[in-house]
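One structure is given here, and the rest of the page talks about it.
Numbering (this note's numbering), first residue to last: 80 to 296.
Have a look at this one:
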């Protein structure tokens with residue numbers, strides 16, 4: 080479910096607003112690969128002078144990617160979500176006892192690997208938020224959407240500000256599908272406005288869910 084996030088180039092190329100020494104990054108993404116997010120985070124950190132601005136609904140790997148930035152802001156209408164990592168499990172087979180035991184062992188190893196990844200991510204969030212790592216693990220377990228103000232209160236972002244061109248996030252059918260595939264809930268206010276047809280869509284996806292290594296977040 081990886082979404083692109085864009086560098087914004089305005090005006091004269093090489094001007095004050097687009098220079099390799101000073102990089103502004105716009106993020107509007109529901110997430111994707113944890114490995115890529117780690118790489119982006121470190122690229123921002125090595126650069127040393129990257130500023131990130133969030134608009135729309137941002138979750139998972141998109142929140143990890145920004146952690147290496149020097150300054151993080153979010154639009155007033157922006158939404159922010161952190162949660163425990165997940166991976167797709169698809170197994171349809173007839174297994175004997177020995178094969179089932181082997182499968183359980185494989186899943187148990189995946190579970191332990193993912194727990195380590197969650198601990199690493201929680202430590203990164205805790206460093207940014209200046210909070211205890213367990214508090215961040217607890218928040219990741221809940222996996223609920225935060226408003227811009229809540230994201231600021233937690234310390235995930237440094238500032239709430241609206242820039243020209245910022246837009247209010249829209250929950251389209253594609254967004255609903257993307258969120259469902261990643262196991263990410265809709266914001267509560269949006270859930271209240273959706274009819275039973277949407278509820279049926281979520282129920283259908285839930286019926287295929289399994290314990291969540293392309294690892295996604």
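Where is the CB? At the ideal position from N, CA and C, for every residue including glycine.
Practice problem: Figure out for me which residue from 139, 135 and 168 has the closest Cα to the Cα of residue 204. | Solution: As a first step, residue 204 is located in the chain shown; it is residue number 125 there, counting from the start. Measuring from the Cα of residue 204, the nearest candidate turns out to be 139.
Quiz item: So what does DSSP say about residue 166, is it helix, strand or coil?
Solution: Position 87 of the chain shown, counted from the first residue, corresponds to residue 166. Coil at residue 166, not helix or strand.
Practice problem: State whether the segment 177-187 contacts the segment 147-164, with contact taken as three or more CB pairs (one from each stretch) at a distance under 8 Å. | Solution: no
Practice problem: Rank 208, 259 and 215 by C-alpha distance to the C-alpha of residue 151 and give the top, closest one. | Solution: The count along the chain shown starts at 1 and reaches residue 151 at position 72. Selected option, being the one with the closest Cα: 208.
Self-check item: Buried/exposed call for residue 197, threshold 16 Cβ in 10 Å
Solution: Reading the chain shown from its first residue, position 118 is the one you call residue 197. Buried is the call here.
Exercise. Throw me the rounded Cβ distance for the residue 133 and residue 168 pair, which I believe falls under 8 Å.
Key: In the chain shown, counting from the first residue as 1, residue 133 sits at position 54. In the chain shown, counting from the first residue as 1, residue 168 sits at position 89. Incorrect: roughly 30 Å between the Cβ atoms, too far for contact.
Self-check item: Per DSSP, cross-strand counterpart(s) of residue 119
Solution: Stepping through the chain shown from its first residue, residue 119 is reached at position 40. Answer by DSSP bridge pairing: none, since residue 119 is not bridged.
Quiz item: Would you call residue 265 buried or exposed, if buried means 16 or more other Cβ atoms sit within 10 Å of its Cβ?
Solution: Position 186 of the chain shown, counted from the first residue, corresponds to residue 265. Buried is the call here.
Exercise. Provide the residue span of the beta strand (DSSP E) that contains residue 172, from first to last.
Key: Your numbering for residue 172 matches position 93 in the chain shown. It is not in any beta strand (DSSP E) - residue 172 carries neither H nor E in the DSSP assignment.
Quiz item: Residue range of the beta strand (DSSP E) that residue 322 falls in?
Solution: One cannot answer for residue 322 here, as it falls past the ends of the chain, which runs 80 to 296.
Quiz item: With distances taken between CB atoms, is the gap from residue 164 to residue 119 smaller than 8 Å?
Solution: Position 85 of the chain shown, counted from the first residue, corresponds to residue 164. Position 40 of the chain shown, counted from the first residue, corresponds to residue 119. Not a contact, by the Cβ cut-off of 8 Å.
Practice problem: Take residue 206 as the anchor and find which of 234, 228, 109 and 131 has the nearest alpha-carbon. | Solution: On the chain shown, residue 206 is found 127 positions in, with the first residue counted as 1. Nearest option by C-alpha distance: 234.
Quiz item: Which residues in the same chain have their Cβ closer than 6 Å to the Cβ of residue 124, if we skip the five residues on either side of it in sequence?
Solution: Stepping through the chain shown from its first residue, residue 124 is reached at position 45. Same-chain partners within the cutoff: 147.
Exercise. To the nearest angstrom, report how far apart residue 202 and residue 195 are at their CA atoms.
Key: Here the question's residue 202 lines up with position 123 in the chain shown. Here the question's residue 195 lines up with position 116 in the chain shown. In a straight line, the C-alpha of residue 202 is about 11 Å away from that of residue 195.
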